[in-house]
Amino acid sequence: MLRTLTRSTSRHTRTLLRPASQFTRFHSSGSSPVTEVRDLKQFASIVANKEKATVVDFYATWCGPCKAIAPVFDALAERVPEAQFARVDVDGAEDVAREYGITAMPTIMFFQDGEKVDTVVGANLPKMVKLIEQYSGVDVKLR
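Take the sequence shown: its position 113, counting from 1, is numbered 113 in the UniProt record's numbering, and each next residue is one higher.
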């Protein structure tokens, strides 16, 4: 009995020691319609877009709810080209997270003409979809 428990425990330990990149579901290809924001200067240029609403996902790689909504966020970015989508790793771009007062993840912020117009705190997918529809002028369900 003790031997089985030890094997089981070591197997779980090996799983936990795998690189974090094997567990995350955030985009890594350059073809994604979601822009990964690295710093405040890049963020400012993205949200300054006057032609499209901008939807920004503030996330952390260790955040379970962030990982859960990431595939949905990516799918929405592909289905709604009328809006611009970006993602900010709060640990990698701390200056952006600090500037916008991010204290909980995920936080989804909406910008129009460079101004913040709405926020969704937490993994509230129905509210996020509703606001994407509102600010992009697109009925997501029809796509």
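All residues carry an ideal CB built from backbone N, CA and C; glycine is no exception.
Asked: Classify residue 74 as buried or exposed, calling it buried when 16 or more other Cβ atoms lie within 10 Å of its own Cβ.; Found: buried
Asked: What residue range is occupied by the uninterrupted alpha helix (DSSP H) comprising residue 79?; Found: 64-79
Asked: Go ahead and label residue 34 buried or exposed: buried means 16 or more other beta carbons lie within 10 angstroms of its beta carbon, across all protein chains shown.; Found: buried
Asked: Is residue 98 helix, strand or coil when you go by DSSP?; Found: helix
Asked: Answer yes or no: do residue 96 and residue 59 have a C-beta to C-beta separation smaller than 8 Å?; Found: no
Asked: Flag this pair as yes or no: are the beta carbons of residue 111 and residue 53 separated by less than 8 Å?; Found: yes
Asked: Can you tell which of 105, 138, 32 has its C-alpha closest to the C-alpha of residue 61?; Found: 105
Asked: Tell me which residues share the same chain as residue 136 and place their Cβ nearer than 6 Å to its Cβ, disregarding the 5 neighbours each side in the sequence.; Found: 53, 80, 82, 83
Asked: Under the three-state reduction of DSSP, which class applies to residue 128: helix, strand or coil?; Found: helix
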